[in-house]
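Residue numbers (full-length UniProt numbering): 1 to 158. For reference, the structure discussed in these notes is given below.
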């Protein structure tokens, strides 16, 4: 039976209300969604940290943005909303670490979740806001590239 997770506009607004953002799976490869999602934050002048253990920086429009190797190195985890662009088995490990360090808002981009991820993400007291799954305005479900601007506008960030 396929797993289904449906978020709401309220979840997306709460995610975008955070003062800081991090992108797990940020990539130097411009063709990958890890690059596109991180660049989206940069294009919207949002304070976002790329998380990538194998690259020291992610360049966007000629500016190199220093990466962190993992989310445990984030300076303000309780105030950081986490976008995740990793395969489901990696996503689950990221969410387990996010819970430990006090991250409360996560946006699981399309393709990052499976039944185990959904179960962990939606378990009571793990995360306050989870944006993922079916819904949103994109054909693959909730995606910050498609649904993020609306949530930013709702928070006065655009």
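Idealized CB from N, CA, C, for every residue including glycine.
Assuming residue 34 and residue 45 make a contact with CB atoms under 8 Å, what is their CB distance in whole Å? 20 Å between Cβ atoms; not a contact.
Contacts around residue 121, its chain only, beta-carbon distance under 8 Å, and the 5 residues preceding and following it disregarded: The residues are 5, 95, 106, 108, 113, 127, 130, 132.
C-alpha gap between residue 37 and residue 149, whole angstroms: Distance between residue 37 and residue 149, taken at the CA atoms: about 12 Å.
Are the segment 82-93 and the segment 55-68 touching, with three or more C-beta to C-beta distances below 8 Å? In short, these stretches do not touch, since the Cβ pair count stays below three.
Checking the sheet assignment: what are the DSSP bridge partners for residue 51? Beta-bridge pairing links residue 51 to 24, 68.
Through-space distance from residue 140 to residue 3, alpha-carbon basis: Residue placement at residue 3 is poorly supported in this model, since its pLDDT is 49, which falls under 50; the coordinates are not used for a value here.
If we ignore side chains and look at the alpha-carbon of each, how far apart do residue 58 and residue 142 end up? Computed Cα separation, rounded: 24 Å.
Following the continuous beta strand (DSSP E) through residue 108, name the residue where it begins and the one where it ends. Its beta strand (DSSP E) spans residues 105-108.
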